[in-house]
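>
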Amino acid sequence: GIESVYDRMGRVHRQLKLWDEAEGLYILAIEENPRYVPAYVNLSGLYFKQGRQEEAARLLERAAALDPMDADVWLAMGKFHLAGNQIKQAEEAFQRMERVRPGDPTPSLYLAVCALRSDPLRSQEADRYVARALELGWYPDTEFLTRLEFLKNGVKSDARQVLNESAEAPFR
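First residue of the sequence shown: 14, per the working numbering; consecutive thereafter.
(1) Say whether chain B places a C-beta atom closer than 8 angstroms to the C-beta of Lys92.
(2) In angstroms with no decimal places, state the Cα-to-Cα distance between Gln174 and Phe163.
(3) Less than 8 angstroms between the C-beta atoms of Ala128 and Glu138, yes or no?
(4) Could you tell me the alpha carbon to alpha carbon distance between Thr155 and Leu161, rounded to whole angstroms?
(5) Should Ile15 be labelled buried (16 or more other beta-carbon atoms within 10 Å of its own) or exposed?
(6) Look at Val86 and Val54 and say whether their C-beta atoms are less than 8 angstroms apart.
(7) Using DSSP with H/G/I as helix, E/B as strand and the rest coil, what is Asp154?
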């Protein structure tokens, strides 16, 4: 429907750093179809980038309520909590993603980061998560593995760097 067009246009505008236009397009998508979850996730990402964390969190909660089986919602929620150093909540979101999208290596990689961000002594647990990601078909990224080693050794690292993500790490 038209809501997906508005949402895609919003993502283009966000990439161009046209924040107000992107926000308006996401809102149009939601107004057109209040059950269109990707627009909530993307608007949340925009708000997060603008430092509007409370609004971003409310949108993610709304998206999860609308479709608790949408793995992308749980991925965004996990990244949101990880960026805020709320490790327990991040782990719960990534575990939820794992349940709704079995076979995807992504949550295992984030769970490895969560384990090490909470306690570098959880390195064996992190190794098990990485091994699971490999079993699920993840192709090893040297930069990711190097940064994971830094976390194992207690060197603080930004989760976005560890996961080799863009500045908009918590969201699509």
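Just so it is clear, CB atoms sit at the ideal spot from N, CA and C, and this is done for glycine as well.
Owing to the predicted nature of the structure, the values given are computational and were not obtained by experimental measurement.
Answer, in terms of the structure:
(1) The displayed structure is made up of one protein chain only, and chain B is not part of it.
(2) Numbered from 1 along the sequence shown, position 161 holds the residue referred to as residue 174. Numbered from 1 along the sequence shown, position 150 holds the residue referred to as residue 163. Since pLDDT at Gln174 reaches only 49, below the 50 mark, its modelled position is unreliable, and no value is offered.
(3) Counted from its first residue, the sequence shown places residue 128 at position 115. Counted from its first residue, the sequence shown places residue 138 at position 125. Contact: yes.
(4) Counting from 1 along the sequence shown, the entry for residue 155 is found at position 142. Counting from 1 along the sequence shown, the entry for residue 161 is found at position 148. Cα-Cα distance, rounded: 10 angstroms.
(5) In the sequence shown, the residue the question calls residue 15 occupies position 2. That one is exposed.
(6) One-based indexing of the sequence shown puts residue 86 at position 73. One-based indexing of the sequence shown puts residue 54 at position 41. Cβ distance < 8 angstroms, so Val86 and Val54 count as in contact.
(7) As a first step, residue 154 must be located in the sequence shown, where it is residue number 141. Coil.
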